[in-house]
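What follows is a set of notes on a single structure, which appears directly below.
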């Protein structure tokens, strides 16, 4: 799975969870929860959606490592290795 | 014969527009059945019936706006089905549109009149600009079919729609109406309710650690949010404080069920407060399941009437990375609101020891007509005790 494919999936899932927002305008280093107004509930839904779509399980202690699109993509790539 | 009335879905609601009858004369109805869909300031609401019987007659025509308390239908409580009238239902006098005083409300009303909620929803899901579609419904209203036609043919939408809406006013109708609903309820609260405020610092270290451990044992989709513990702890504590779980309507009326109103922020602005019914009788997992169901529907403005009208107390929870303390404004006719700030790490002294602890500032705003500070103080102390024993929640 390429970086671009992962990004596309991330944007699709974010859009599904926060349909009023436009995730594709996010810059790689922006904290997407802040920019899109994702609260704890939405954030958990997003983690669940990533789990269902990509089969990766993100433990709670790793939440702090995946705050931007860049770090999230890197995290997923690493998990998918 | 039982009269089925347009329900009040909050102190701020004056009227609603009947969009669709879900039952027809002759149908049997029981408690909890959806009888109609009504468009309100808080979205398209499924209206439940609280009587058992047979629907005898529908008195209001779909598309009619009627005030709260209007008789909408007649239900025959006995098993004998009354012969239903064959003639068209007689619509009650709709509310005079002139009553809408402010410009912003007029605009939303214009948009409102021109498109059914279903059409608006489909349009919004498909990024269709309603103002550019010519309506074929009654009085030029845009129907579901008009929107579907625009989608299927990828029409260049016609601009000659009849009303001119300046570009800067093409705002989401629901944002405006929600804002108006919040404004009405909060103004009423501040005018009528003499609030008192209390605050307690609660050590959340044990509860946070318990939650972390509990979530480690769960698959991702079964994980719990901290809010679940807070809701459960409030519900459990309220059992000993019936005067806080109450409404003020011609005096204090304590409520038997503990239905927690949980403030949900809408991304485009405004809040909505659905009720979690009988939260004290639910386990933490059941509360999480209820949140998973109700929050997305609250955000989509697709709630049931009981979820909008049954709350007996409100919780507002700032969540992670926000302010330390939130002081709530009571949602009338309730008599209390509990505010949770963000959990933060602090130097905290307890039992003669100083340590770094996860600390949460919890507030209670109480209606001083209903209770005194001492009751509120005892409640917050009980809440603290319950949060120190997360495993027993």
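Protein chains in written order, with our numbering: chain U, 888 to 968; chain F, 32 to 424.
Where a beta carbon is used, it is the ideal one built from N, C-alpha and C, also for glycine.
My output table needs one value for residue i: the three-state DSSP class, helix, strand or coil.
| i | result |
| --- | --- |
| residue 343(F) | coil |
| residue 378(F) | strand |
| residue 419(F) | coil |
| residue 913(U) | coil |
| residue 951(U) | helix |
| residue 276(F) | coil |
| residue 290(F) | coil |
| residue 34(F) | strand |
| residue 940(U) | helix |
| residue 59(F) | strand |
| residue 324(F) | helix |
| residue 359(F) | coil |
| residue 414(F) | helix |
| residue 88(F) | strand |
| residue 893(U) | helix |
| residue 397(F) | strand |
| residue 958(U) | helix |
| residue 906(U) | coil |
| residue 210(F) | helix |
| residue 234(F) | strand |
| residue 103(F) | strand |
| residue 141(F) | At residue 141(F), the pLDDT of 37 sits below 50, so the modelled position is not reliable and the matter cannot be decided from this model. |
| residue 306(F) | strand |
| residue 296(F) | strand |
| residue 407(F) | helix |
| residue 337(F) | helix |
| residue 384(F) | strand |
| residue 69(F) | strand |
| residue 239(F) | helix |
Using the rule of at least 16 other Cβ atoms within 10 Å of the residue's Cβ for burial, across every protein chain shown, is residue i buried or exposed?
| i | result |
| --- | --- |
| residue 117(F) | Caution is warranted here: a pLDDT of 45 is assigned to residue 117(F), below 50, making its placement in the model unreliable, and no coordinate value can be reported. |
| residue 216(F) | buried |
| residue 937(U) | buried |
| residue 385(F) | exposed |
| residue 290(F) | buried |
| residue 889(U) | exposed |
| residue 156(F) | exposed |
| residue 152(F) | buried |
| residue 891(U) | exposed |
| residue 235(F) | buried |
| residue 85(F) | buried |
| residue 62(F) | exposed |
| residue 228(F) | exposed |
| residue 32(F) | exposed |
| residue 303(F) | buried |
| residue 258(F) | buried |
| residue 903(U) | exposed |
| residue 421(F) | buried |
| residue 143(F) | With a pLDDT of 42 at residue 143(F), under the threshold of 50, the modelled position of this residue cannot be trusted; read the value that follows with caution. Residue 143(F) should be labelled buried. |
| residue 900(U) | buried |
| residue 380(F) | exposed |
| residue 271(F) | exposed |
| residue 218(F) | exposed |
| residue 942(U) | exposed |
| residue 387(F) | exposed |
| residue 894(U) | buried |
So, under 8 angstroms CB-CB, residue i and residue j are touching, yes? Tell me the CB distance rounded to an integer number of Å.
| i | j | result |
| --- | --- | --- |
| residue 307(F) | residue 325(F) | 7 angstroms |
| residue 398(F) | residue 224(F) | 5 angstroms |
| residue 348(F) | residue 232(F) | In fact, because the Cβ distance is near 16 angstroms, the residues do not count as touching under 8 angstroms. |
| residue 277(F) | residue 146(F) | Actually they are not in contact, since the Cβ atoms of residue 277(F) and residue 146(F) sit about 40 angstroms apart, beyond 8 angstroms. |
| residue 45(F) | residue 335(F) | That pair is no contact at about 20 angstroms. |
| residue 95(F) | residue 167(F) | With 8 angstroms as the limit, residue 95(F) and residue 167(F) do not qualify as a contact, their Cβ atoms being about 20 angstroms apart. |
Below 9 angstroms on C-beta distance, what does residue i contact in chain C?
| i | result |
| --- | --- |
| residue 908(U) | In the displayed structure, chain C is absent; the protein chains listed are U and F. |
> Any residues in the segment 920–931 of chain U with a beta carbon nearer than 7 angstroms to a beta carbon of chain F? Which ones, in chain order?
Replying inline: Flagged, chain order: 924, 926, 927, 928 and 931.
>> With a threshold of 8 angstroms, are at least 3 pairs of Cβ atoms found where one atom belongs to the segment 366–377 of chain F and the other to the segment 100–107 of chain F?
In response: Verdict: no, contact absent.
> Are the segment 242–254 of chain F and the segment 399–409 of chain F in contact at 8 angstroms, needing three or more beta carbon pairs?
Replying inline: Contact between the segment 242–254 of chain F and the segment 399–409 of chain F is absent, with fewer than three C-beta pairs closer than 8 angstroms.
> Just by C-beta distance, which residues in the segment 252–277 of chain F are closer than 8 angstroms to chain U?
Replying inline: Of all residues in the segment 252–277 of chain F, 252, 254, 256, 257 and 258 have a Cβ within less than 8 angstroms of some Cβ in chain U.
> Touching or not, the segment 911–927 of chain U and the segment 942–961 of chain U, by the rule of three or more beta carbon pairs under 8 angstroms?
Replying inline: A contact between stretches requires three or more CB pairs, one per stretch, nearer than 8 angstroms, and the segment 911–927 of chain U meets this requirement with the segment 942–961 of chain U.
> Which residues, taken in chain order from the segment 337–353 of chain F, show a beta carbon closer than 7 angstroms to some beta carbon of chain U?
Replying inline: Answer set for the segment 337–353 of chain F: 350 and 351.
>> Quick test of the definition: if touching needs 3 or more C-beta pairs under 8 angstroms, does the segment 276–296 of chain F touch the segment 340–349 of chain F?
In response: Yes, they touch.
>> If the cut-off is 9 angstroms on Cβ atoms, which residues from the segment 288–318 of chain F count as contacting chain U, listed in chain order?
In response: Within the segment 288–318 of chain F, the qualifying residues are 295, 296, 297, 298 and 299.
> If you pair each beta-carbon of the segment 47–67 of chain F with each one of the segment 307–316 of chain F, do three or more pairs fall below 8 angstroms?
Replying inline: Proximity of the segment 47–67 of chain F to the segment 307–316 of chain F falls short of the contact definition, fewer than three beta-carbon pairs being nearer than 8 angstroms.
> Residues in the segment 227–249 of chain F with C-beta within 8 angstroms of chain U's C-beta atoms, listed in sequence order?
Replying inline: For the segment 227–249 of chain F, the residues whose beta carbon sits under 8 angstroms from a beta carbon of chain U are, in order, 243, 246 and 247.
> In chain order, what residues of the segment 948–966 of chain U put their CB closer than 9 angstroms to some CB of chain F?
Replying inline: Flagged, chain order: 948.
> Should the segment 349–366 of chain F be regarded as contacting the segment 326–336 of chain F, the criterion being three or more beta carbon pairs within less than 8 angstroms?
Replying inline: As far as the Cβ criterion goes, the segment 349–366 of chain F does not touch the segment 326–336 of chain F, which means the pair count is below three.
> Are there three or more Cβ pairs, one per stretch, closer than 8 angstroms when the segment 250–268 of chain F is compared with the segment 413–423 of chain F?
Replying inline: Segments in contact, yes.
> Along the segment 379–395 of chain F, what residues have a CB closer than 9 angstroms to any CB found in chain U?
Replying inline: So the list is empty, because no residue satisfies the distance condition.
> When Cβ atoms are compared, which residues of the segment 65–91 of chain F fall closer than 7 angstroms to chain U?
Replying inline: Listed by position, the residues of the segment 65–91 of chain F near chain U (Cβ gap below 7 angstroms) amount to none.
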